[in-house]
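Each residue of the sequence shown is one higher than the last, beginning at 307 in the working numbering. Heads up, the beta-carbon is just placed ideally off N, CA and C, and yes, glycines get one too. Please read these numbers as outputs of a predicted model, since none were measured by experiment. Shown next, in structure tokens, is the structure this report addresses.
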Amino acid sequence: MTSSASLSSECRPTDELTILVPCFNEQHVLIEFHTRLMATIDHLNVTTEVLYINDGSQDRTAEILDRFSQDPRVRSLHLSRNFGKEAAMRAGINAVQDRAVIIIDCDLQDPPELIPLMVQEWHKGYEIVNMQRRSRHCDSWAKRTAARLYYALMDQLIDDFDVPKQVSDFRLIGPNALAAIRAMDDNAGVLKLLVSWLGYPSTEVNYDRKARQAGTTKWTPLSLLDLCADSILAFSIRPLRMYSYVSAISFVAGTLWVAGAATLGELTHVHLLVLSILLLCLGTAVVGEYVGRVLTVVSPRPDSLRRRNQP
Ligand code: UDP
Ligand code: MG
């Protein structure tokens with residue numbers, strides 16, 4: 307276990323917990339998941355509710371969740387269509403206030419039996435408890451390779467905060483971090499990066515991620531590309547900056563080359579054409595820099611965040 311910030315002695319606003327469960331077409335696994343989850347909750351020493359977010363399922367998920375909701379400790383939220391897991395998690399977060407939340411997949415890849423351990427870490431003072439995969443042997447080669455590339459890219463492009471490795475969305479978010487996320491209302495942000503960006507006291511707990519128990523994964527290589535694009539666009543203007551440097555250097559080199567040719571009396575249309583193209587690239591880079599500034603200014607994320615609940 308590692309901590310990325312010092313422990314805080316400030317009080318938690320409440321000692322209540324909501325378990326957020328995004329579900330999309332999960333009729334084959336929900337009953338077993340729910341049984342194991344409720345058995346775990348029965349022994350928890352905090353007041354706990356379960357909030358299922360039905361992300362536009364077209365199978366019997368909605369019906370099963372409505373049945374679960376007869377238990378007063380269980381609620382379900384039905385989204386109008388499938389918006390994707392990020393949006394489903396966001397909808398869940400917006401429906402919860404002044405409590406800690408644990409986000410967990412319902413395909414039993416994240417064992418519900420680990421929840422007491424996460425609560426224990428929260429009670430030690432950690433505001434974020436990231437569940438970190440010990441290994442990815444249950445994932446396909448393609449998914450493992452894609453994940454490795456994703457983290458390598460994030461390491462290169464994001465340097466103002468640490469991106470924790472091999473963590474999914476299985477995590478506890480304390481009430482203060484939850485309030486900060488809700489206040490920012492950052493729909494463009496990728497939740498796991500947003501949580502790290504906060505910089506609140508956090509810890510990682512290692513676990514073995516199991517194979518999906520039933521049903522099928524909604525993961526596709528395209529969804530990872532989307533995650534990658536969303537992560538970069540929301541948290542880094544470095545690609546723009548790199549383009550600006552390359553354009554500026556190319557323009558200076560091109561100008562020297564054309565000036566040399568002009569001095570020797572060897573100027574041709576090709577020289578002028580190349581110089582015009584480089585000038586256009588430089589112009590695009592300048593526009594890009596301004597767009598980057600606009601993005602930074604309109605971002606719902608503040609320049610800095612105060613520690614916890616300070617006025
Ligand atoms: N999920 C969701 N909306 C989606 C896709 C997935 O709510 O559009 C839920 C899904 O029901 C599961 C979790 O997100 O609880 C993880 O999905 P999945 O197991 O398909 O992804 P993987 O674990 O393979 O990356
Ligand atoms: Mg899964």
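Are the beta-carbon atoms of residue i and residue j separated by less than 7 Å?
i, j, result
"Ile359", "Leu383", "yes"
"Val576", "Gly560", "no"
"Glu322", "Thr353", "yes"
"Arg380", "Val402", "Sequence check: residue 380 is Val here, not Arg. No, the pair does not count as a contact, with Cβ atoms beyond the cut-off."
"Ile647", "Leu463", "Shown here, the chain extends from 307 to 617; a query on residue 647 therefore has no answer."
"Ala406", "Gly480", "yes"
"Gln438", "Gln472", "yes"
"Leu478", "Met424", "yes"
"Leu343", "Pro417", "no"
"Gly598", "Ile543", "yes"
"Phe330", "Lys524", "yes"
"Gly594", "Leu546", "yes"
Less than 7 Å between C-beta atoms, sequence neighbours within five positions excluded: which residues of the same chain meet that for residue i?
i, result
"Asp413", "Glu332, Val335, Arg518, Gln519, Gly521"
"Met395", "Leu326, Pro328, Ile409, Asp475, Leu497"
"Ala485", "none"
"Met460", "Val469, Ser537"
"His429", "none"
"Ser310", "Because the pLDDT at Ser310 is just 41, under 50, the model does not fix this residue reliably, and the point stays unresolved."
"Leu530", "Ala452, Tyr456"
"Glu392", "Val496, Leu497"
"Asn400", "Arg488"
"Pro606", "Met490, Asp491, Asp492"
Go through its chain and collect everything with a Cβ distance to residue i's Cβ below 6 Å, but skip five positions before and after it.
i, result
"Phe557", "Leu584, Leu588"
"Gly495", "Ala540"
"Gly362", "Leu385, Arg387, Asn388"
"Val564", "His577, Leu581"
"Gly398", "Leu326, Leu357, Ile359"
"Glu338", "none"
"Asn512", "Gln438, Arg440"
"Ala586", "Going by the sequence as given, residue 586 is Leu instead of Ala. Same-chain partners within the cutoff: there are none."
"Arg613", "none"
Grab me the residues of residue i's own chain with a C-beta within less than 8 Å of its C-beta, minus the 5 sequence neighbours each way, in chain order.
i, result
"Ala483", "Glu433, Ile434, Val501, Leu504, Tyr506"
"Pro422", "Thr346, His349, Leu350"
"Gln426", "none"
"Thr574", "Ala567"
"Asp514", "Arg439, Arg440, Ser441"
"Thr602", "Ile543"
"Glu372", "Note on residue identity: the sequence assigns Asp, not Glu, to residue 372. So the qualifying residues of the chain are Ser382."
"Leu611", "Ala486, Leu504, Gly505"
"Pro527", "Ala448, Ala452"
"Gln616", "In this prediction, Gln616 scores a pLDDT of 49, lower than 50, which makes its location untrustworthy; the coordinate-derived value is nonetheless stated afterwards. Contacts found: none."
"Asp411", "Val327, Pro328, Ser474, Asp475, Phe476"
Return yes when at least one heavy atom of ligand 3 lies under 6 Å from the C-beta of residue i, else no.
i, result
"Arg518", "This structure simply doesn't include ligand 3; it includes ligand 1 and ligand 2 instead."
> So, do the segment 355 to 374 and the segment 551 to 558 have three or more beta carbon pairs nearer to each other than 8 Å?
Replying inline: With the cut-off at 8 Å, the segment 355 to 374 and the segment 551 to 558 do not touch.
>> Does the contact criterion of 3 or more C-beta pairs under 8 Å hold for the segment 486 to 501 versus the segment 568 to 580?
In response: Under the Cβ criterion (8 Å, minimum of three pairs), the segment 486 to 501 does not count as touching the segment 568 to 580.
> Below 8 Å, can you find three or more Cβ-Cβ pairs linking the segment 436 to 447 to the segment 369 to 388?
Replying inline: Because the criterion of three Cβ pairs below 8 Å is not met, the segment 436 to 447 and the segment 369 to 388 do not touch.
> Counting pairs of beta carbons, one from the segment 504 to 514 and one from the segment 425 to 440, are three or more of them closer than 8 Å?
Replying inline: Three or more beta-carbon pairs drawn from the segment 504 to 514 and the segment 425 to 440 are found closer than 8 Å, and the two stretches are therefore classed as touching.
> In chain order, what are the residues with a CB under 5 Å from some non-hydrogen atom of ligand 1?
Replying inline: After applying the 5 Å Cβ criterion, the set is Pro328, Cys329, Phe330, Glu332, Asp361, Gly390, Lys391, Ala394, Asp411, Cys412, Asp413, Thr523, Lys524, Trp525.
> If you scan the segment 525 to 559 from start to end, which runs of the alpha helix (DSSP H) of 4 or more residues do you find wholly inside it?
Replying inline: At a cut-off of 4 residues, the continuous stretches assigned as alpha helix (DSSP H) that sit fully inside the segment 525 to 559 are 527 to 541.
> Taking contact to mean at least 3 C-beta pairs separated by less than 8 Å, is the segment 526 to 541 in contact with the segment 452 to 466?
Replying inline: Between the segment 526 to 541 and the segment 452 to 466 there are three or more C-beta pairs closer than 8 Å, enough to call the two in contact.
> Which parts of the segment 380 to 439 are runs of the alpha helix (DSSP H), unbroken and 4 residues or longer, counting only runs that do not cross its ends?
Replying inline: For the segment 380 to 439, whole alpha helix (DSSP H) runs of length 4 or above, ordered along the chain, are 391 to 400, 421 to 429.
>> Quick check for students: name the residue ranges of the alpha helix (DSSP H) that lie wholly in the segment 460 to 504, counting only runs of 4 or more.
In response: The qualifying runs are 481 to 490, 497 to 504.
> Which full runs of the alpha helix (DSSP H) of 4+ residues lie inside the segment 564 to 607, going along the chain?
Replying inline: Taking only runs of at least 4 residues, the alpha helix (DSSP H) segments lying wholly in the segment 564 to 607 are 575 to 604.
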